[in-house]
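Residue numbers (full-length UniProt numbering): 1 to 533.
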């Protein structure tokens, strides 16, 4: 094999931070190479150096054996490198063709007008060449997320990319779309293209890659062939210690209903219905999970439950009391903890220190307020306990929230909410942005809360997490609860069908509270994170 990319001794420094420290990476032509590591390990920074978004502080870049210096992404594109970012850069009202050729339109009439017919023909030819199923005339706003991702890939190919970098490409895909993406990888590499994809998911790296490079704290800690390693050894490389890989859950008989959601309809910020006629309950000593591709009504549903949004119709019942119109503070005071989806907007005051952030929502409670004044020494002790227990770094209660990395912000919020001694925990993406070791710790805490008889509503885009932790699992699509299933009996493929809006086995047996149990298949497909069953 010939070498497509060789990064030698790449160091990238920002003020006060060394994001990459003497990193060397070699990627062979016509292969899929996974860049694996925890959030903050330096993966995206390294690829931004390769793509010309950043210039290295030290080190050299070689592409196809030639030394290169990229002052901008334009230089990288001219060298045959394309990058598909985690958040797509597409114009929704425009068609697939218009997005792909934008800025590189074929011209007619002495270059005075765009040759739309030629553009559509070029896109159709490119799509057929790589086996993509993309309608050149469809509007971006009308196609699925998986198709939008293919459009991004086609846009890079249209500009002549031979090396494709994809940043967390499976983050918003259903399991079926993940498998389709990996099939696209195979087709592209069969035609000589080279794929580098950034991920923190062990299973998908092992499933889709030929070789895996692991970064930890900005350092290169190992490169291994994917078929010669294990999830356990990769996790140890990522974290630096042995990690318990199984999520698992203990058997416990659930108690009384803590939360009841009855015929809820909720509008989004535009006044368009985002949640339609949703019903479910959460019981004491139970984890009720909600799975689904982001943007299918989960956010609006959770906001209605936690008091951040008022349903148009329906009821939210907490411990037997109708709290549909109750203010947020009443819900906190009555024992409802909430780990929000957006930690910046909903979870923290970014310019406040951790002492102040540690008592948000509880600043009026007797635990922290005496004679109308906040007990700041007690608040400091509380913040220091969270920092210690949840391994928040740096371990400084006077640090502002905005000075912490995203993962450490998340750990602090989780610690604050779990330590409220709640009766109900509404946990929305509780391990988003945190490392494997902290994820393991948070999973353990969720199980402990469950065993203590607390009700837990868990929303997660990580299919292995929500399936592995939940006692019952609801799946949302387009604002509706498609089904409630037994996660131990349903396959990842079946969950993926529900996430895509399709029903599963017609012979499924329904039980009380909307619960269904679907027959298991003998061989489960790879999950959204590529995990093995």
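Every residue gets a Cβ at the ideal spot worked out from N, C-alpha and C, and that includes glycine.
Exercise for the section: Measure the Cβ-Cβ separation of residue 427 and residue 404 and say whether it is below 9 Å. Expected result: no
Problem - Contact check, residue 476 vs residue 174, beta carbons under 9 Å - result: no
Handout entry: Whole-angstrom distance between residue 488 and residue 511, CA atom to CA atom
Key = Below a pLDDT of 50, predicted positions are generally treated as unreliable, and residue 511, at 35, falls in that range; the measurement from the model is reported next regardless. Distance between the alpha carbons of residue 511 and residue 488 is about 15 Å.
Handout entry: Cut-off 6 Å between Cβ atoms - residues of its own chain near residue 135, not counting five sequence neighbours on either side
Key = none
Problem - Contact check, residue 280 vs residue 470, beta carbons under 9 Å - result: no
Handout entry: Through-space distance from residue 119 to residue 98, alpha-carbon basis
Key = In a straight line, the C-alpha of residue 98 is about 8 Å away from that of residue 119.
Exercise for the section: Tell me residue 318's beta-bridge partners as DSSP assigns them. Expected result: 259 and 321
Handout entry: Per DSSP, the bridge partner or partners of residue 337
Key = 425
Problem - Alpha-carbon to alpha-carbon, residue 188 and residue 492 - result: Taking the straight line joining both Cα atoms gives about 26 Å.
Handout entry: Buried or exposed (CB count within 10 angstroms, at least 16 for buried), residue 422
Key = Burial check for residue 422: the Cβ neighbour count within 10 Å reaches 16 or more, so the residue is buried.
Exercise for the section: Would you check if the distance between the CB atom of residue 278 and the CB atom of residue 263 is smaller than 9 Å? Expected result: yes
Exercise for the section: Give me the Cα-Cα distance between residue 56 and residue 18, rounded to the nearest whole angstrom. Expected result: 11 Å
Exercise for the section: Decide if residue 203 is buried, meaning its Cβ has at least 16 other Cβ atoms within 10 Å, or exposed. Expected result: buried
Problem - residue 211, DSSP secondary structure in three states - result: strand
Exercise for the section: Alpha carbon to alpha carbon, how far is residue 320 from residue 235? Give it in angstroms, no decimals. Expected result: Near 44 Å, if we compare the C-alpha coordinates of residue 320 and residue 235.
Practice task
Whole angstroms is fine: what's the gap from residue 81's alpha carbon to residue 161's?
Solution key: 5 Å
Problem - Buried versus exposed call for residue 506 [16 or more other C-beta atoms within 10 Å across all chains shown] - result: In this prediction, residue 506 scores a pLDDT of 41, lower than 50, which makes its location untrustworthy; the coordinate-derived value is nonetheless stated afterwards. Looking at its Cβ environment, which holds fewer than 16 other Cβ atoms inside 10 Å, residue 506 is exposed.
Practice task
Check whether the Cβ atoms of residue 157 and residue 169 lie closer than 9 Å to each other.
Solution key: Residue 157 is not a Cβ neighbour of residue 169, given a cutoff of 9 Å.
Handout entry: Assumed close pair residue 148, residue 88 - CB separation to whole angstroms, cut-off 8 Å
Key = Contact between residue 148 and residue 88 holds, since their C-beta atoms are separated by about 5 Å, short of 8 Å.
Problem - Per-residue DSSP class, three states only, for residue 88 - result: coil
Practice task
Please confirm if the segment 201-219 is in contact with the segment 29-43, defined as three or more CB-CB distances below 8 Å between the two stretches.
Solution key: yes
Handout entry: Unbroken alpha helix (DSSP H) run spanning residue 129, endpoints
Key = 116-129
Problem - Inter-stretch contact at 8 Å, needing at least 3 Cβ pairs: the segment 267-278 / the segment 223-241 - result: no
Problem - Own chain, CB closer than 6 Å to residue 145, minus 5 neighbours either side, in chain order - result: Answer for residue 145: 172, listed in chain order.
Practice task
Count the C-beta pairs between the segment 363-377 and the segment 308-323 that are closer than 8 Å, then say yes if the count reaches three, no if not.
Solution key: no
Exercise for the section: Quick one: using the 10 Å Cβ neighbour count with 16 as the cut-off for buried, is residue 559 buried or exposed? Expected result: For residue 559 there is no data in the structure shown, the boundaries of the chain being 1 and 533.
Problem - Sub-9 Å separation of residue 184 and residue 216 beta-carbons - result: no
Practice task
Have a look at residue 381 and residue 393 and give me their C-alpha separation to the nearest angstrom.
Solution key: Roughly 16 Å separates the two Cα atoms.
Practice task
Can you say whether residue 409 is buried or exposed, counting buried as having 16 or more other CB atoms within 10 angstroms of its CB?
Solution key: With a threshold of 16 other beta carbon atoms within 10 Å, residue 409 meets it and is buried.
Handout entry: Backbone CA spacing between residue 239 and residue 107 [nearest angstrom]
Key = 52 Å
Exercise for the section: Run through the segment 150-233 for me and flag every whole beta strand (DSSP E) of 3 or more residues, listed as ranges in chain order. Expected result: 163-167, 194-199, 211-216 and 219-225
Handout entry: Under the three-state DSSP convention, the category residue 70 falls into
Key = coil
Exercise for the section: Give every residue of the same chain whose Cβ lies closer than 6 Å to the Cβ of residue 523, excluding the five residues on either side of it in the sequence, and list them in chain order. Expected result: Interpretation of residue 523 is limited by its pLDDT of 30, a score under 50 that renders its predicted location unreliable; the figure taken from the coordinates is listed afterwards. Listed in chain order, the non-local C-beta contacts of residue 523 below 6 Å within the same chain number zero, local neighbours out to five positions each way being set aside.
Handout entry: Rounded separation between residue 266 and residue 53 - CA only
Key = 41 Å
Handout entry: Exposure of residue 47, with buried meaning 16 or more beta-carbon neighbours within 10 Å
Key = buried
Handout entry: residue 193 versus residue 389 - alpha carbon distance
Key = Here the alpha carbon of residue 193 sits roughly 46 Å from the alpha carbon of residue 389.
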